[in-house]
Amino acid sequence: MSVLCEDDVIREQAVEKCNQLTQAGEKCNFTIIHNQMRKAKGLPPIYDDNVIDDTKEKELTKDDKQAYFWWKFKHDFFDDIGIKRLSKLTNGDTLILLYVKLINLSLKRNGYICYEGTGIDLIEELSLHLDRDIEECRELIEKSEKYNLVTLTDNNETIYINSFNTYTGVDDAKTRMRNSRERNKQQKAF
3 MSVLCEDDVI REQAVEKCNQ LTQAGEKCNF TIIHNQMRKA KGLPPIYDDN VIDDTKEKEL
63 TKDDKQAYFW WKFKHDFFDD IGIKRLSKLT NGDTLILLYV KLINLSLKRN GYICYEGTGI
123 DLIEELSLHL DRDIEECREL IEKSEKYNLV TLTDNNETIY INSFNTYTGV DDAKTRMRNS
183 RERNKQQKAF
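Residue numbers (this note's numbering): 3 to 192.
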């Protein structure tokens, strides 16, 4: 009976610590904090050590070969201020379509589009991939960068889609999987 009461106290302390960290703007993983507190009191962890530690998650780079096959076209896509600014331009509809194609193209490299040497420069290469003339592609990149939709890096040889994680739901999938594992562990414990 005393172990159950002590466990309840530890759980409440873990919840309180997680809330404090969250309010301070830091990442918090309740499962890890709870297990650490149980271990400090000499109790076995409830959850196994295969839980993903939020603080140690690897940032995806252009060299990682993670391929995405879909992206979320959310209902508020056109409410984004950068998209609204693109739509106000004389050829805004075309630029938005090209931006959508750019997102699709970036799925192969975690939001990056890299110069591969098939054209004179990145813009010419984009015109080949997007089946558009060079001037349209140049305007797309200039305006998208100006409106903070993309970032040019590596001496204008790499484009990064700034909202890539929002479009692909990378964080959502990790969170869903983490929650699923936690639920399964709790069900096994009972």
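The beta-carbon is built from N, C-alpha and C at its ideal position, and this holds for glycine as well.
Paired residues, beta bridge with residue i - DSSP
i	result
TYR162	TYR114, THR153
Exposed unless 16 or more other CB atoms sit within 10 angstroms - verdict on residue i
i	result
GLU118	exposed
LYS145	buried
GLY44	exposed
ILE122	exposed
SER182	exposed
SER89	exposed
GLY113	buried
Cβ-Cβ distance between residue i and residue j below 9 Å
i	j	result
LEU128	ILE105	no
GLU126	CYS116	no
HIS77	LEU107	no
THR92	LEU124	no
PHE80	LYS86	yes
PRO231	ASN31	This structure gives no information on residue 231, because the portion of the chain shown stretches from 3 to 192.
Cβ-Cβ separation, residue j to residue i (assumed contact under 8 Å), whole Å
i	j	result
ASN167	LEU151	Actually they do not touch by this definition, with Cβ atoms about 14 Å apart.
TYR162	THR155	6 Å
ARG40	ILE12	6 Å
LEU99	GLU141	That pair is no contact at about 13 Å.
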